[in-house]
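Numbering (our numbering), first residue to last: 10 to 379.
Listed below in structure tokens is the structure:
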């Protein structure tokens, strides 16, 4: 009788580890390829405008990471991007493409301001806590509305999220130009100031507000929720096959609402932080495009909450370098937006590369496709 060979535990472990390493390598390689292609295309664009691409790249690096001041400016921009990217990344685990972060940020900032003005004489710690709760609740409800429309009415969440953005902008304009307008704000209609005592301070040793720490904590918490909990496992089941998840007895509607609410709460917190740490009041400056840039961050990070952090810092650096390009090369400040647009298109196109790179496939599988 021929003995059946039994694989050793070490061999079994390596067999299980190899696919994970290949997937991880591919998840890192494809975004890097997309970034490299985008930089080449952007170089062609600025070269056609008569500017040396290498000089542009050098100034972009200096403006983003070249000095401690540049680093602080980059981190200031990265803080809201981390939170708005989570608003996109979390629903994506369920197969939803929600782009309502910009609207949720505006609504969160507006409601946080209203809460602060209502209890302006309370201790600062109480005011900031109530602002955070109000902003997160408002932002969460705003994005959850898009999820509810998708689940119960079959309305595409991408379209509803975009339309809700215009409603959020109209509501913000209505309140800052009407019931909540500060009579002293003439050129730029705004609400009254929440008070210097209620402003959020900076991290010790840095000219960066505590919103960065809040974003990092939110990323860590959502990573544990989506990757290390039964809730996250159920959410990924819905994202893999919503019909099969229903047949397995999962409450798909609850999963959609809760996940969208958490994502919206992150964007709402970003709005609250923009008020409490940057502007001190609600006005149209809340809509600085962080919600839309957060879409690019989420896609480039492959919806991984931990990967969102370095990608947000990278995109924050690109945005921070625009001013230096304008001063040194007389390029428009919005030149960096061209790079972001190119990067977004290339990232979407690179989605087709996953599973196709022979470097990250087993040899037998790679040979079979030739």
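Cβ coordinates follow ideal geometry from the N, Cα and C atoms, glycine included. Model, not experiment: these values are computed from the prediction.
Open item on the list: Can you list, in chain order, the residues of its chain with a C-beta nearer than 6 Å to that of residue 356? Leave out the 5 residues immediately preceding and following it.
Closed with: Counting only Cβ-Cβ distances below 6 Å, and skipping sequence neighbours, we find 43, 308 and 309.
Task: Cross-strand partners of residue 190 (DSSP beta bridge) - done: 200
- [ ] Please name the residue in 182, 45 and 122 whose C-alpha comes closest to that of residue 144.
- [x] 122
- [ ] Let me know if residue 10 comes out buried or exposed under the rule of 16 or more other beta-carbons within 10 Å of its beta-carbon.
- [x] Annotation note: pLDDT 48 at residue 10 (below 50); position unreliable, coordinate value reported separately. Exposed, because fewer than 16 other Cβ atoms sit within 10 Å of the Cβ of residue 10.
Open item on the list: Could you give the first and the last residue of the continuous alpha helix (DSSP H) run that contains residue 234?
Closed with: 220–236
Open item on the list: I'd like the span of the alpha helix (DSSP H) that includes residue 136, first residue to last.
Closed with: 133–162
Task: Distance between residue 202 and residue 288 (C-alpha atoms, nearest Å) - done: Those two C-alpha atoms are separated by around 9 Å.
TODO: Would you mind giving the Cβ-Cβ distance between residue 108 and residue 172, rounded to the nearest angstrom? I have them listed as a contact below 8 Å.
DONE: 10 Å between Cβ atoms; not a contact.
TODO: Report yes if the C-beta distance between residue 247 and residue 233 is below 7 Å; otherwise report no.
DONE: no
Task: Cβ-Cβ distance between residue 92 and residue 279 below 7 Å - done: yes
Open item on the list: Just verifying my parser: in three-state terms, what is the DSSP assignment at residue 211?
Closed with: strand
TODO: Reducing DSSP to helix, strand and coil, say where residue 6 ends up.
DONE: In the structure as shown, the chain begins at 10 and stops at 379. Residue 6 is therefore absent and cannot be evaluated.
TODO: Please classify residue 360: does DSSP put it in a helix, a strand, or coil?
DONE: helix
Task: Outcome for residue 151 when other beta-carbon atoms lying within 10 angstroms are tallied against a minimum of 16 - done: With 16 or more Cβ atoms within 10 Å of its Cβ, residue 151 is classed as buried.
Task: CA nearest to the CA of residue 243, picked from 213, 54 and 258 - done: 258
TODO: Classify residue 258 as helix, strand or coil using the three-state DSSP reduction.
DONE: coil
- [ ] Write down the C-beta distance between residue 221 and residue 127 rounded to the nearest angstrom, noting that I regard them as a contact closer than 8 Å.
- [x] No, residue 221 and residue 127 are not in contact; Cβ-Cβ is about 27 Å, not under 8 Å.
- [ ] For the alpha helix (DSSP H) containing residue 82, list its first residue and its last residue.
- [x] 77–101
Open item on the list: Taking 8 Å as the cut-off, does the region 340–354 touch the region 125–139 (at least 3 CB pairs, one atom from each stretch)?
Closed with: no
Open item on the list: Once the 5 residues before and after residue 141 are set aside, which same chain residues still bring their CB inside 6 Å of it?
Closed with: 281
Open item on the list: Taking the beta carbon of residue 174 as the centre, do at least 16 other beta carbons fall within 10 Å, making it buried, or is it exposed?
Closed with: buried
- [ ] Please classify residue 53: does DSSP put it in a helix, a strand, or coil?
- [x] helix
Task: C-alpha distance - residue 149 paired with residue 176, whole-angstrom precision - done: 15 Å
Task: Rounded separation between residue 125 and residue 112 - CA only - done: 20 Å
Open item on the list: Please classify residue 318 as buried or exposed, where buried requires at least 16 neighbouring CB atoms within 10 angstroms.
Closed with: buried
Task: Nearest-angstrom Cα separation, counted from residue 82 out to residue 205 - done: 22 Å
- [ ] Please report how far the alpha carbon of residue 227 lies from the alpha carbon of residue 84, in whole angstroms.
- [x] 16 Å
- [ ] Quick one: using the 10 Å Cβ neighbour count with 16 as the cut-off for buried, is residue 154 buried or exposed?
- [x] Counting other Cβ atoms within 10 Å of its Cβ, residue 154 reaches 16 or more and is therefore classed as buried.
Task: Run of the alpha helix (DSSP H) containing residue 335, from where it starts to where it stops - done: Going by DSSP, residue 335 is part of the alpha helix (DSSP H) stretching over 331–338.
Task: Per-residue DSSP class, three states only, for residue 347 - done: Assigned with DSSP and collapsed to three states, residue 347 falls in helix.
Task: Three-way DSSP call (helix, strand, coil) for residue 217 in this model - done: coil
Open item on the list: Assuming contact is defined by CB atoms lying nearer than 7 Å, are residue 62 and residue 52 in contact in what I supplied?
Closed with: yes
Task: Backbone secondary structure at residue 310 - three-state DSSP - done: coil
- [ ] Output the boundary residues of the alpha helix (DSSP H) element that contains residue 249.
- [x] First-last of the alpha helix (DSSP H) with residue 249: 239–249.
Task: Alpha carbon of residue 187 to alpha carbon of residue 321, nearest angstrom - done: 35 Å
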